Amino acid sequence: MTEDRRPKLAVWKFASCDGCQLSLLDCEDELLMVAGAVQIAQFTEATRTVLPGPYDISLVEGSITTPHDAERIREIRRSSKLLITIGACATAGGVQALRNTADVAEMARAVYPHPEYLDVLATSTPIADHVDVDLELRGCPIDKGQLLHVLTSLLAGRPPQIRDEPVCVSCKRAGVTCILVAEGRACLGPVTHGGCGALCPRYDRGCFGCYGPAGDANPEALARPLAAVAQPEQVARLYSTINPRAEAFERGRRLAVLGQEET
Amino acid sequence: MSAETASKGRAGGRELLDALVTTLIAKGYRVMGPRREGAALQLEPIDDVDQLPWAVVDAQGPGRYRLEQYEQPVAFAHGPLAFSMRRLVSPPEERLVTLRRKGAELAVEPAAVHARPTAVIGAKGCDLRALRAQDAVFRDGAHPDPRYVARREALFTVAVACHRPADTCFCVSRGGDVRPDPDDADLLLTELVSASPRYLLEASSDRGREVLEAMPGDAIGEDDRVRASGQDHAAREAMVRALPREAAQAALLAAEETEDFEAVAERCLACQSCTAVCPTCFCLTVEEEPSYDGQASTRVRRRDSCFSPDFSYMHGGAVRGSRAGRYRHWMRHKLATWSGQWGLDGCVGCGRCTTWCPAGIDFVAEATRHIQRQEET
Ligand code: SF4
Ligand code: SF4
Ligand code: SF4
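Heads up: the sequence lines are chains C and F, in that order.
Per our numbering: the first sequence = residues 10 to 272.
Per our numbering: the second sequence = residues 80 to 456.
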């Protein structure tokens, strides 16, 4: 048998809902084409086959919530040439990062009859807090088009072009009328990393911030426009829906709450 | 009817608009006009004048846009539409070419140009002047872009004189006018406002004359002209905003330091909305999209913006790393440096950047601050 020279692709799961991995499966026809160009070395959602490292590309879903996972991600980093995090959990700690400001032991007692069996960290943290990350793909879940673009670009030996631009750019490209300006409804689009193609505004909903803060996010500048159209609790909730512990979103949430105290 | 009569124009009631739409459709044009789309007026395909925004107006202000009922049953009382005609000639995204591996060869497959003959009814003077800016960049230079040129030639414009400028409009101070320059359009429409509005239609190009000749209607009378000029005058008077060209240019040329823009940058979201709605902005980027089977790559052209940190990225970093630096570039380019580059004005005074700024940053007020500062020194 001749040696398989195709690049090895591994998909790893940490604390998450599997939705991002499913986006990869959801690629169906395109995935078959990509699958032909790689060896799937590890992808529990799709196959039981597990090939040993090193891996050319590791896709990592989920956040770090246990001491065991904190060790496991280091192991994966050591055996991966390129490590790409996918989704809000892996890039910002996910919605489970809400616990970072709560009493975890207290919650465990409330939920589990035998909390002593649990071995968890007090926080849910992004992968980049633990190891070096080569590329982050945002979203909850990620956009399959972006994922395919990354994989096909890497296979072609060229850098992926993932633009760091806010959702407003996608609205304007799609010819969508601005919800904040024309309807006076709350939208996180101006501070949120694009990639979804303005999915919510296209369906007449304000942006929930699934992709986390854009690189240049300025929540301080959005505080006043949001306060003009929504209650402070509503704004705070919006910022803590999907990426509650992303730094810029935390600032946005704090500003909303502070604004309320001032009035 | 003789060309002589046609050149004198047509006058009539709402049926004149009906005839215009029917004639344009019969001549093979896709007709587009202002139309209510959700919460705003957009440039949309129409095939019936009933689809025009009758008795609807827009209230525009910094970061605010609302549709309201208008007291007169007219169709063109609104201000600039949410998006300008720029989308028609320079789409936000388009495929340019696909390179495909065919054995040892590389096949080059240019993307077809879709230049559907399109007639825009109700083109405003500001947007028509903005097309001059687009023409300067994509058509009239040493390297015309064939895709742009094809779409531009396929564009037929029926300009309309504005009788009710939006609160955000300041075209007159930018050298424009409520009455569009006839040279910028094929036909020029005047809506004389009353409980039963009257329409005047005049041709200013050969294509325009051909359309007019195929249309019924009365001759334009002297009293029509008097009413039209009275209406123009009142509209000019109603335009309270101004950003004088020379003063703005001098002040912005002097505002060289990034620090001069730090205060506004604190309020700026760098969301790029202003550049996306501005009818004169033209920046594009080209990206590659490899095919899933790795055998081809498609080159796509997308709209870009100087507000993006990636826009000025060169090896190792962005040239304009701060938001203040980017705001400075945008405002100085629009108001000061554009004319040296293209011999035209970068800002036609449509006010869209102000209306559609989610942070409500008022472009005129910000520029005026620089003018005042210069006057003080
Ligand atoms: S709807 Fe939201 S994302 Fe879209 S342009 Fe408006 S503020 Fe930006
Ligand atoms: S700078 Fe603003 S007012 Fe001037 S043309 Fe552009 S969008 Fe219109
Ligand atoms: S629209 Fe307003 S907030 Fe957005 S980049 Fe332009 S000036 Fe800044």
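C-beta atoms are modelled at their ideal positions from N, C-alpha and C, and glycine is treated no differently.
Computed from a prediction, not measured in an experiment: that's the story for all the values here.
Cβ-heavy atom distance, residue i to ligand 3, below 6 Å
i	result
C:Ile188	no
F:Leu331	no
F:Leu348	yes
F:Cys353	yes
F:Cys436	yes
F:Ile440	yes
F:Phe386	yes
Contact set for residue i: own chain, Cβ-Cβ below 8 Å, skip 5 residues either direction
i	result
F:Gln420	none
F:Val228	Phe217, Arg218
F:Glu455	none
Same chain, Cβ closer than 6 Å to residue i, neighbours up to 5 away in sequence not counted
i	result
C:Val43	Leu160
C:Glu84	none
C:Gly102	Ser72, Ser133, Thr134, Pro135, Arg254
C:Arg260	Pro228
F:Ala194	Ala229, Arg230, Ala233
F:Arg43	Examination of residue 43 of chain F is not possible in this model, given that chain F is present from 80 through 456 alone.
F:Val136	Glu147, Tyr149, Ala156, His157
F:Val153	Glu270, Val272, Pro276
F:Pro247	Before going on, a small fix: residue 247 of chain F reads as Thr here, not Pro. Hits under 6 Å: Gln139, Gly430, Thr433, Thr434.
C:Leu60	Ala50
F:Pro141	Thr433, Gly439, Asp441
F:Ala333	Gln453
Test item: CB-CB of residue i and residue j under 7 Å
i	j	result
F:Ala198	F:Leu423	no
F:Phe386	F:Glu270	no
F:Cys362	F:Asp383	yes
F:Cys347	C:Pro199	no
C:Ile93	C:Leu144	yes
F:Gly296	F:Asp265	no
C:Pro150	C:Cys36	no
F:Val356	F:Tyr406	no
C:Leu31	C:Ala55	no
F:Ala314	F:Pro358	no
F:Tyr278	F:Leu96	yes
F:Asp263	F:Leu178	no
Residues near residue i by beta carbon distance below 7 Å, same chain, minus five either side
i	result
F:Leu167	Thr197, Arg230, Leu234
C:Asn252	Ala97, Ala101, Gly218, Gly221, Phe258
F:Ala85	Since pLDDT at F:Ala85 reaches only 48, below the 50 mark, its modelled position is unreliable, and the value read off the structure follows with that caveat. So the qualifying residues of the chain are Ala282, Arg288, Leu291, Glu292.
F:Arg402	Ala344, Cys347, Ala349
F:Pro113	Leu120, Leu122, Leu131, Pro132, His157, Leu160, Gly201
F:Ile450	Ala326, Ala327, Ala330
F:Gly254	Arg324, Asp424
F:Glu83	Because the pLDDT at F:Glu83 is just 47, under 50, the model does not fix this residue reliably, and the value given afterwards should be weighed accordingly. Excluding sequence neighbours, F:Glu83 sits near nothing in its chain.
Of the residues the options, the one placed nearest residue i, counting alpha carbons only
i	options	result
F:Ala190	F:Arg180, F:Val176, F:Ser401	F:Val176
C:Ser88	C:Ala106, C:Thr74, C:Ala19, C:Val113	C:Ala19
C:Lys17	C:Glu70, C:Phe52, C:Thr75	C:Phe52
C:Val190	F:Thr434, F:Arg452, F:Gln451, F:Glu445	F:Thr434
F:Asp127	F:Arg93, F:Gln310, F:Pro171	F:Arg93
F:Val183	F:His408, F:Gly428, F:Ala375	The sequence given here places Ala at residue 183 of chain F; Val does not occur at that position. Taking only the C-alpha atoms, the option nearest F:Ala183 is F:Ala375.
C:Thr75	C:Val69, C:Leu127, C:Arg118	C:Leu127
F:Leu280	F:Arg304, F:Ala215, F:Thr337	F:Arg304
C:Gln155	C:Gly206, C:Asp141, C:Ala223, C:Ala237	C:Gly206
C:Gly62	C:Arg263, C:Leu208, C:Trp21, C:Ala79	C:Trp21
C:Glu12	C:Asp38, C:Ala24, C:Glu39, C:Gln48	C:Gln48
C:Ser184	C:Gln240, C:Leu208, C:Ala165	It is Gly, not Ser, that sits at residue 184 of chain C in the sequence shown. For the residues C:Gln240, C:Leu208, C:Ala165, the minimum Cα distance to C:Gly184 belongs to C:Leu208.
7 Å Cβ cutoff, residue i in contact with chain D
i	result
F:Gly112	In the displayed structure, chain D is absent; the protein chains listed are C and F.
Ligand 2 heavy atom lying under 6 Å from the CB of residue i
i	result
F:Lys203	no
C:Arg167	no
F:Lys413	yes
C:Phe258	no
F:Cys357	yes
F:Arg143	no
F:Arg448	no
F:Gly430	yes
C:Cys36	no
C:Cys216	no
F:Val427	yes
Contact test: residue i Cβ vs ligand 1 heavy atom, cutoff 6 Å
i	result
C:Cys209	no
C:Val176	yes
C:Gly198	yes
C:Cys205	no
F:Cys248	no
C:Cys149	no
C:Cys180	yes
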